[in-house]
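Take the sequence shown: its letters are residues 198 to 626, numbered as in the numbering used here.
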Amino acid sequence: MVGTRWVPTPGVWVARAPVGRLLVIATEQMTERQSTPMNSNDNSLSWSAGWATAVQRPSVGFHENWAEEGFAGQTVRQTVRVTGSGTRARIRLSNRYGTAPLEVSGASIARAGAGAAVAPGSVRPLTFDGAASVRIPAGGEVHSDAAEVSVAALESLTVSLHFAGPTGPATFHAQAWATAYRAAGAQLGEVDPAVFGETSVSWYYLAAVELADDDPARRDAVVLFGDSLTDGFGSSVDADRRYSDALAERLAAEGRPLRVLNLGIGGNLLLNDSPWFGESARARFERDVLAQPGVRSVVVLVGLNDIGFSEVDLPTYKPNPDNAVERLVAGYRELIARAHAAGVRVVGGTILPFKGSEYHTTVAEAKRRAVNEWIRTAGAFDAVADFAAALADPADPEALRSAYDSGDFKHPGDEGYRVMARAVDPAAL
């Protein structure tokens with residue numbers, strides 16, 4: 198692609214180039230008359246992430262999804278919510294786990310109505326180095342050009358992609374807790390949501406929505422990093438009730454306009470890669486945390502599955518070694534050192550209680566207590582968010598308080614995630 202600079206990173210070539218809602222639609226049929234895209238390589242623009250997610254290898258996952266089959270002759274619409282503001286936006290698409298080049302027929306951005314609906318007259322096409330379509334190599338990613346879109350913090354964006362030909366297996370984020378919609382053909386500016394008759398609760402190919410920033414030195418991004426407790430497992434679909442959402446809302450209400458980025462992956466492990474639940478936290482820390490533009494701090498909440506998987510004999514939980522507490526501590530120390538080397542503050546989150554779940558045994562509980570004691574007292578983290586203390590049942594600290602439990606004894610529900618957000622000290626960020 199003319200004007201795109203491909204930069205090598207280990208194992209991959211990477212292109213470096215909201216309370217309403219916004220829609221991003223991919224199509225080759227959008228016209229120049231609908232908006233004026235701008236080349237994202239304009240050196241006068243700097244960029245900050247308004248929303249981002251951690252991408253994963255195609256897999257079946259906990260919910261039915263379209264990742265393994267991919268797409269062909271279809272339009273996909275997806276919803277995200279940004280936590281920054283700006284007047285220009287671009288998207289970042291990832292084909293990190295693709296087995297072949299990905300042909301995207303085009304892209305646009307627009308305000309959306311409820312569900313799959315798009316507000317009439319609001320469509321803005323996106324281009325890629327001036328072209329309506331883009332070809333992303335297997336293992337690569339690319340930014341769109343900038344589009345003139347006024348976006349306020351906490352507005353939602355619905356991202357839709359049209360694929361004229363077969364994509365092959367799709368790089369995705371398994372547990373979006375937001376509905377994606379699919380329709381046959383190029384349903385680009387279609388305002389009738391009934392056209393989109395198929396649904397999924399994953400995000401496909403979209404890795405970030407970035408906003409133009411007039412201050413290239415600004416560092417106002419807070420990354421929440423970890424497993425399903427960060428990803429929002431058990432929260433209400435299409436309601437933005439993850440703890441990242443609650444924290445962003447709290448910070449905005451308190452006049453602290455920080456961007457909150459959720460880079461959790463359900464099932465993720467600190468120490469081991471998983472074909473189902475992504476590369477380990479150690480392996481993806483650079484890409485998903487330190488590489489985020491303008492990152493100032495990270496809240497690390499991971500280790501639940503490193504402890505719990507070894508107590509359950511399920512194929513999807515493999516590898517599930519019996520990890521000693523010392524190995525987990527070493528993993529945390531590694532993340533802390535790498536963050537500090539990049540000038541990023543690290544807040545350590547204590548692991549929630551899980552009595553009543555399949556993870557809970559005497560051995561697993563002893564590990565959880567030991568890990569949490571280290572997080573609280575070792576002084577290795579710059580600050581601590583004591584999620585465990587905030588959500589534990591006062592009558593039985595090994596268990597979640599019932600009012601905060603989603604029903605599986607280890608993941609919070611909506612109220613529990615709100616309590617988690619209150620457990621984070623804004624001054625620590």
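Glycine included, every Cβ here is placed at the ideal spot set by N, Cα and C.
Keep in mind that this is a model prediction, so the values were computed, not measured.
Item, Value
"Check the DSSP bridge columns for Ala-333 and list the partner residues they point to.", "Contrary to the premise, residue 333 reads as Ile rather than Ala in this sequence. In DSSP, Ile-333 forms a bridge with Leu-299."
"Roughly how many whole angstroms lie between the Cα atoms of Glu-538 and Gly-310?", "Note that residue 538 is Ala in the sequence shown, not Glu. About 44 Å."
"Tell me Glu-407's beta-bridge partners as DSSP assigns them.", "Ala-246 and Arg-287"
"Kindly indicate which three-state DSSP category Tyr-514 falls into: helix, strand or coil?", "helix"
"For Leu-466, which residues of its own chain have a beta-carbon under 8 Å away from its beta-carbon, when the five flanking residues on both sides are left out?", "Asp-424, Phe-474, Ser-477, Ala-478, Val-499, Asn-502, Asp-503 and Phe-506"
"What did DSSP end up calling Val-581 once you bin it into helix, strand or coil?", "strand"
"Between Gly-545, Pro-512 and Arg-481, which lies nearest to Arg-530 when the distance is taken from Cα to Cα?", "Gly-545"
"What span of residues does the alpha helix (DSSP H) with Leu-426 cover, start to end?", "425-428"
"Cutting at 7 Å between CB atoms, please list the residues of its own chain near Phe-482, excluding the five before and the five after it.", "Leu-532 and Arg-535"
"Quick check on the burial criterion: 16 or more other C-beta atoms within 10 angstroms. Buried or exposed for Ser-347?", "exposed"
"Alpha carbon to alpha carbon, how far is Ala-577 from Lys-564?", "18 Å"
"To which residues of the same chain is Met-617 closer than 6 Å at the C-beta, ignoring the five residues directly before and after it?", "Tyr-440 and Phe-584"
"When you compare only the Cα positions, how much space is there between Gly-464 and Glu-387?", "36 Å"
"Just to confirm, is the Cβ distance from Thr-355 to Arg-274 under 8 Å?", "yes"
"Cutting at 6 Å between CB atoms, please list the residues of its own chain near Gly-247, excluding the five before and the five after it.", "Val-279, Gly-281, Val-406 and Leu-408"
"Would you check if the distance between the CB atom of Phe-430 and the CB atom of His-557 is smaller than 8 Å?", "no"
"Only counting the same chain, and skipping five residues up and downstream in sequence, which positions put a Cβ closer than 6 Å to that of Ala-349?", "Ser-282"
"Let me make sure I understand the geometry here. Which of Arg-493, Leu-588, Arg-542 and Val-497 has the alpha-carbon closest to that of Val-526?", "Val-497"
"Who are the Cβ neighbours of Gln-231 in its own chain at under 7 Å, not counting the five residues just before and after it?", "Residue confidence for Gln-231 is low, a pLDDT of 34 falling below 50, so the modelled location carries little weight; the figure read from the coordinates is stated next. Result list for Gln-231: Val-320, Arg-321 and Pro-322, in chain order."
"State the start and end residues of the unbroken alpha helix (DSSP H) segment that holds Arg-615.", "611-619"
"What's the gap between the Cα of Ser-554 and the Cα of Val-398?", "24 Å"
"Got a sec, what are the start and stop residues for the alpha helix (DSSP H) Asp-442 sits in?", "440-450"
"Just how far apart, CA to CA, sit Gly-295 and Gly-604?", "35 Å"
"To the nearest whole angstrom, what separates the beta carbons of Arg-542 and Gly-491, a pair I think is in contact under 8 Å?", "The pair is not a contact, with the Cβ atoms about 13 Å apart (cut-off 8 Å)."
"Please report how far the alpha carbon of Glu-265 lies from the alpha carbon of Gly-337, in whole angstroms.", "18 Å"
"Select from Ser-291, Thr-276, Asp-342 and Glu-300 the residue whose C-alpha is nearest the C-alpha of Gly-312.", "Thr-276"
"So Leu-458 packs on Leu-421, CB below 8 Å; how close in whole Å?", "7 Å"
"Once DSSP output is grouped into helix, strand and coil, what is the label at Ser-477?", "coil"
"Going by DSSP, what residue range makes up the alpha helix (DSSP H) through Ile-306?", "That residue, Ile-306, is in no alpha helix (DSSP H); its beta strand (DSSP E) goes 304-308."
"For Ser-471, which residues from the same chain have a beta carbon less than 7 Å from its beta carbon, with the 5 sequence-adjacent residues on both sides left out?", "Gly-464"
"Starting from the C-beta of Tyr-514, find all residues in its chain whose C-beta is less than 6 Å away, skip the five residues before and the five after it, and write them out in chain order.", "Phe-506"
"Which of the three DSSP states is assigned to Thr-574 in this structure?", "helix"
"Are the CB atoms of Leu-460 and Ala-251 nearer to each other than 8 Å?", "yes"
"Pop quiz: Phe-259 and Gln-372 are said to be a contact at Cβ under 8 Å. What is the actual Cβ separation, rounded to whole angstroms?", "7 Å"
"What residues match up with Ala-344 in a beta bridge as DSSP calls it?", "Ala-286"
"Between the alpha carbons of Ala-335 and Pro-363, how many angstroms are there, rounded?", "14 Å"
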